[in-house]
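A short worksheet on the structure shown next.
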Amino acid sequence: MFAPGSDPGPSFFELLRRTTPDALPGGNLPRVNLSAGGPSPAPLEVPHGTTIVCIKFAGGVVMAGDRRATEGYTIASRRIDKVSQCDHWSAMAIAGAAGPGMEMVRLLQTELEHYEKVEGEPLSLEGKANKLSQMIRANLPAAMQGLVVVPLFCGYDLRKGEGRLYKYDVTGGKYEEADFATTGSGSVHARNWIKAGYKPDMTAEEAVNLGLLALFMAADEDAATGGPDPVRRIYPTVAVVDLNGYAKLAEDDVERRATEILAGRSSQ
Numbered sequence: 652m653f654a655p656g657s658d659p660g661p662s663f664f665e666l667l668r669r670t671t672p673d674a675l676p677g678g679n680l681p682r683v684n685l686s687a688g689g690p691s692p693a694p695l696e697v698p699h700g701t702t703i704v705c706i707k708f709a710g711g712v713v714m715a716g717d718r719r720a721t722e723g724y725t726i727a728s729r730r731i732d733k734v735s736q737c738d739h740w741s742a743m744a745i746a747g748a749a750g751p752g753m754e755m756v757r758l759l760q761t762e763l764e765h766y767e768k769v770e771g772e773p774l775s776l777e778g779k780a781n782k783l784s785q786m787i788r789a790n791l792p793a794a795m796q797g798l799v800v801v802p803l804f805c806g807y808d809l810r811k812g813e814g815r816l817y818k819y820d821v822t823g824g825k826y827e828e829a830d831f832a833t834t835g836s837g838s839v840h841a842r843n844w845i846k847a848g849y850k851p852d853m854t855a856e857e858a859v860n861l862g863l864l865a866l867f868m869a870a871d872e873d874a875a876t877g878g879p880d881p882v883r884r885i886y887p888t889v890a891v892v893d894l895n896g897y898a899k900l901a902e903d904d905v906e907r908r909a910t911e912i913l914a915g916r917s918s919q
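Be aware that the sequence shown starts at 652, since it is given in the working numbering, and climbs by one per residue.
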């Protein structure tokens, strides 16, 4: 509750910073003295998400991620969802420490909902990307202790009438990519496959298939990236963001596409 004249403001993130800083990502993590001669922090064995990709097509953006989370040399989860809806016209995918990453997703969702309720209109896509940049920067102390989160962000810009995508570094640096972006342990391999098959005027169907192929090929080269699992029926999470908003592809649809891609690779 806020007294009259004590306006919480349109930013939920800034409200937390003022009132409950421990609720921010990494805010309740004990600080370690990294000064010269001091003890080095022991590496934390926490679940990490791996490869995520984002591809721009003629009418929007496709975002996809594999389902594996690793904990050292152990598979921590086979069914983690790394792609999440932020609001009706934007999505975010996480790579890095899974716990802080999921916390960052929930905080961004709340931030965007809070802003829209206070201001009466949604935040611009550029503003949403900047908010995520602030959250990554706030997580830097935790990242220095091994809890690194490096997400991808995308959405449909209603003002420009096109899809846009952004990648980040661990300090919160934001970089808009014109065509596609990848991050995570298998990102180099996924990027090479996307680069080879990308076309500026590709359809959503082609972008989805290219993203799936890139993830499958990255799984061939990177042990931390989960490949298709027909036995358990585990396939990547795929979402499309266009003029109609965020839409997650049904698991049956992704399975069908994956089966066709794998059959095509086998025949070659």
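All C-beta atoms, glycine included, are put in the ideal place defined by N, C-alpha and C. Source: prediction; values computed, not measured.
*Buried versus exposed, by CB contacts within 10 Å (16 or more), residue 876*: Stepping through the sequence shown from its first residue, residue 876 is reached at position 225. By the neighbour-count definition (other C-beta atoms within 10 Å, threshold 16), residue 876 is a buried residue.
*Identify which residue in 813, 819 and 795 has its Cα closest to the Cα of residue 782.*
The sequence position of residue 782 within the sequence shown is 131, counting from 1. Of the listed residues, the one whose Cα sits closest to residue 782 is 819.
*Going by the beta-carbon positions, is the gap between residue 866 and residue 715 smaller than 8 Å?*
In the sequence shown, the residue the question calls residue 866 occupies position 215. In the sequence shown, the residue the question calls residue 715 occupies position 64. The answer is yes: Cβ separation under 8 Å.
_DSSP state of residue 888 mapped onto helix, strand, coil_ = Counting from 1 along the sequence shown, the entry for residue 888 is found at position 237. Of the three classes helix, strand and coil, the one that applies to residue 888 here is strand, per DSSP.
_Considering Cα atoms alone, identify which of 898, 912 and 873 is closest to residue 863._
By one-based count along the sequence shown, residue 863 stands at place 212. Checked all of 898, 912 and 873; the closest Cα to residue 863 is 912.
*asked:* Just to confirm, is the Cβ distance from residue 711 to residue 894 under 8 Å?
replied: Working through the sequence shown from its first residue, we reach residue 711 at position 60. Working through the sequence shown from its first residue, we reach residue 894 at position 243. Closer than 8 Å, so yes.
*If you draw a straight line from the C-alpha of residue 768 to the C-alpha of residue 779, how long is it?*
Position 117 of the sequence shown holds residue 768. Position 128 of the sequence shown holds residue 779. Note on geometry: alpha-carbon atoms of residue 768 and residue 779 lie some 15 Å from one another.
_Can you look up residue 796 in the DSSP assignment and give me helix, strand or coil?_
Along the sequence shown, read from residue 1 onward, the residue named residue 796 stands at position 145. Looking at residue 796 - three-state DSSP - the assignment turns out to be coil, as it is neither helix nor strand.
*By DSSP, does residue 691 sit in helix, in strand, or in coil?*
Your numbering for residue 691 matches position 40 in the sequence shown. Per-residue confidence for residue 691 stands at a pLDDT of 47, beneath the threshold of 50, marking its modelled position as unreliable; the derived number appears in the next sentence. The answer is coil: DSSP assigns residue 691 none of H, G, I, E or B.
*asked:* Nearer than 7 Å: is that true of the beta carbon of residue 789 relative to any heavy atom of the ligand PLP?
replied: With respect to small molecules bound, the structure shown includes none, and the ligand PLP cannot be examined in it.
*asked:* What does the alpha-carbon distance come out to for the pair residue 869 and residue 672?
replied: Indexing the sequence shown from 1 puts residue 869 at position 218. Indexing the sequence shown from 1 puts residue 672 at position 21. Rounded to the nearest whole angstrom, the C-alpha separation of residue 869 and residue 672 is 38 Å.
*Let me know the alpha helix (DSSP H) ranges lying completely inside the stretch 716-798, each 4 residues or longer, listed in chain order.*
749-770, 776-789 and 791-794
_Own chain residues within Cβ distance below 7 Å of residue 860, not counting five before or after_ = What you label residue 860 is simply residue 209 of the sequence shown in a count that begins at 1. Hits under 7 Å: 908 and 912.
_Closest residue to residue 891 among 855, 663 and 737 (Cα-Cα distance)_ = For this step, residue 891 is matched to residue 240 along the sequence shown. For residue 891, the nearest C-alpha among the options comes from 855.
*Straight-line CA distance for residue 814 to residue 708?*
Your numbering for residue 814 matches position 163 in the sequence shown. Your numbering for residue 708 matches position 57 in the sequence shown. C-alpha separation (whole angstroms): 8 Å.
*Around the Cβ of residue 799, are there at least 16 other Cβ atoms within 10 angstroms (buried) or fewer (exposed)?*
On the sequence shown, residue 799 is found 148 positions in, with the first residue counted as 1. So residue 799 ends up on the buried side.
*asked:* With distance defined between alpha-carbon atoms, name the residue in 771, 786 and 880 nearest to residue 824.
replied: Working through the sequence shown from its first residue, we reach residue 824 at position 173. Among 771, 786 and 880, the Cα nearest to that of residue 824 is on 786.
*Consult DSSP for residue 684 and reduce its assignment to one of helix, strand or coil.*
Along the sequence shown, one-based indexing puts residue 684 at 33. Reliability of the predicted coordinates at residue 684 is poor, the pLDDT of 44 falling under 50, and the value obtained from them is presented with this limitation in mind. Coil at residue 684, not helix or strand.
*Evaluate residue 735 with the Cβ neighbour count: other Cβ atoms within 10 Å of its Cβ, from every protein chain shown; 16 or more gives buried, anything less gives exposed.*
Position 84 of the sequence shown, counted from the first residue, corresponds to residue 735. The residue in question, residue 735, is buried, as its Cβ has 16 or more Cβ neighbours within 10 Å.
*Which two residues bound the contiguous alpha helix (DSSP H) that contains residue 663?*
Numbered from its first residue, the sequence shown carries residue 663 at position 12. 663-670 is the span of the alpha helix (DSSP H), which, as asked, contains residue 663.
*Quick one: give me the first and last residue of the beta strand (DSSP E) that residue 850 is part of.*
If you number the sequence shown from 1, residue 850 lands on position 199. Premise fails: residue 850 is in no beta strand (DSSP E) and is neither H nor E.
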